[in-house]
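Residue numbers (our numbering): 6 to 241.
We put the CB at the ideal spot given by N, CA and C, even for glycine.
None of these values were measured; they are calculated from a predicted model.
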């Protein structure tokens, strides 16, 4: 698959444009399969939060008159259009999906539409799919042989009863950038960044919206409630 910078989408306005075979096209990813996602909005939200955008089919009849705002009354009779599900927001009174359309930046909200969540509006949960991409580096125009930067995989979390991370300690390995469900319907996520670790807890099971976050220095002991904590990022 070519990068959008090297092969931008151009609306044909009803005309079929010729495909480009330019030698300057840059490969952004190698796709070797596809993944069928469960046809439920809960499953779709969980997948999107963990893996990224989802390709969906829907009934775009109501898109013809859309200008802005959350589309709450969307026709759902037949699948007739393909779009990209890129996000969602469950924090407001009306939860909604964020969808990237292909009709240009002058349509809708700069090319995007917000659609009410939880009622299969526009039949958007009928056929969600995603691609399986090879993990190896994709070929491009560059011949550089630079070694890719290491990526954080897990955080070694040590919680202790004392203030110095030495006594009464419990160690846990936590995968980074993954939403981990907690008791009571909430969830948490931990992330690594240069010299620090960020832990966030959420009142929902999808790790979306405003979470309660706490930062510590990577590999250093920090005060934590009545004791102490030390988070250490481990990289590949």
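Among all the DSSP beta bridges, which residues are the ones paired with residue i?
i: residue 8; result: According to DSSP, which records beta bridges pairwise, residue 8 is partnered with nothing at all.
i: residue 36; result: 138
i: residue 176; result: 163
i: residue 195; result: 204
i: residue 228; result: 233
i: residue 221; result: 202
i: residue 114; result: 117
Which value, in whole angstroms, describes the spacing of the CA atoms of residue i and residue j?
i: residue 11; j: residue 30; result: 5 Å
i: residue 7; j: residue 121; result: 32 Å
i: residue 15; j: residue 137; result: 25 Å
i: residue 37; j: residue 84; result: 26 Å
i: residue 234; j: residue 28; result: 53 Å
i: residue 147; j: residue 9; result: The predicted model places residue 147 with a pLDDT of 42, which falls under 50 and marks its position as unreliable, so this point remains unresolved.
i: residue 101; j: residue 161; result: 35 Å
i: residue 76; j: residue 230; result: 44 Å
i: residue 200; j: residue 223; result: 5 Å
i: residue 39; j: residue 139; result: 11 Å
i: residue 205; j: residue 164; result: 16 Å
i: residue 214; j: residue 96; result: 6 Å
i: residue 190; j: residue 25; result: 49 Å
i: residue 195; j: residue 22; result: 46 Å
i: residue 211; j: residue 54; result: 7 Å
i: residue 246; j: residue 51; result: Any question about residue 246 goes unanswered here, given that the chain covers just 6 to 241.
i: residue 66; j: residue 86; result: 9 Å
i: residue 62; j: residue 209; result: 27 Å
i: residue 227; j: residue 238; result: 15 Å
i: residue 176; j: residue 197; result: 17 Å
i: residue 135; j: residue 91; result: 12 Å
i: residue 79; j: residue 94; result: 18 Å
i: residue 49; j: residue 131; result: 11 Å
i: residue 125; j: residue 133; result: 12 Å
Let me confirm a value: residue i is counted as buried when at least 16 other C-beta atoms fall within 10 Å, else exposed. Which label applies?
i: residue 169; result: exposed
i: residue 240; result: exposed
i: residue 68; result: buried
i: residue 236; result: buried
i: residue 106; result: buried
i: residue 184; result: buried
i: residue 111; result: exposed
i: residue 221; result: buried
i: residue 64; result: buried
i: residue 113; result: buried
i: residue 218; result: exposed
i: residue 34; result: exposed
i: residue 129; result: buried
i: residue 192; result: buried
i: residue 13; result: exposed
Measure from the alpha carbon of residue i to the alpha carbon of each residue in the options, then state which is nearest.
i: residue 89; options: 101, 95, 76, 59; result: 59
i: residue 181; options: 40, 56, 61; result: 56
i: residue 225; options: 63, 74, 82, 171; result: 171
i: residue 74; options: 99, 158, 135, 228; result: 99
i: residue 71; options: 127, 202, 82; result: 127
i: residue 173; options: 232, 207, 133, 186; result: 232
i: residue 187; options: 207, 123, 133, 124; result: 207
i: residue 158; options: 124, 166, 179; result: 179
> Is the number of C-beta pairs between the segment 109 to 117 and the segment 39 to 55 that are closer than 8 Å three or more?
Replying inline: no
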